[in-house]
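Single-structure report; data block below.
Numbering (the working numbering), first residue to last: 45 to 163.
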């Protein structure tokens, strides 16, 4: 089976996206896919316990791919895939009903922990 893999960031490297650790927090289900011009809008459903960590214009990693969240509606969230991303990753073969690995944003995780600790 194919996987998405990038080389690890080295000290001094430019950080052009968000920090991805490879620690899977849960699974999200693809519930809809729709072509929008050159891109494909994918809507996913996350477990209730992880929904609060996902924010519009925030970041998630899905199957190891760092992505920007376009919108959030309860436990559902949407992302767009451009042709390059679909060609260079495993996302070209994604389908409704697929379960994908979800890693929430590292900063969101720490902010939630700090808020919890301060209460």
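All C-beta atoms in this analysis are idealised placements derived from N, C-alpha and C, irrespective of residue type, glycine included.
C-alpha of residue 97 to C-alpha of residue 109: approximately 17 Å in a straight line. Of the other Cβ atoms in all chains shown, 16 or more fall within 10 Å of the Cβ of residue 107; this residue is therefore buried. Per DSSP, the continuous alpha helix (DSSP H) segment holding residue 155 begins and ends at 150-162. For residue 82, no alpha helix (DSSP H) run applies, since DSSP gives it neither H nor E. Nearest C-alpha to residue 131 among 84, 159, 162: 84. When the Cα atoms are used, residue 155 and residue 88 turn out to be separated by approximately 23 Å.
A direct Cα-to-Cα measurement between residue 76 and residue 124 gives close to 12 Å. DSSP places residue 136 within a helical segment (H, G or I) once states are collapsed to three. Here residue 73 is not near residue 104, since their CB atoms are 8 Å or more apart. In the structure shown, residue 131 adopts helical secondary structure according to DSSP, grouped into three states.
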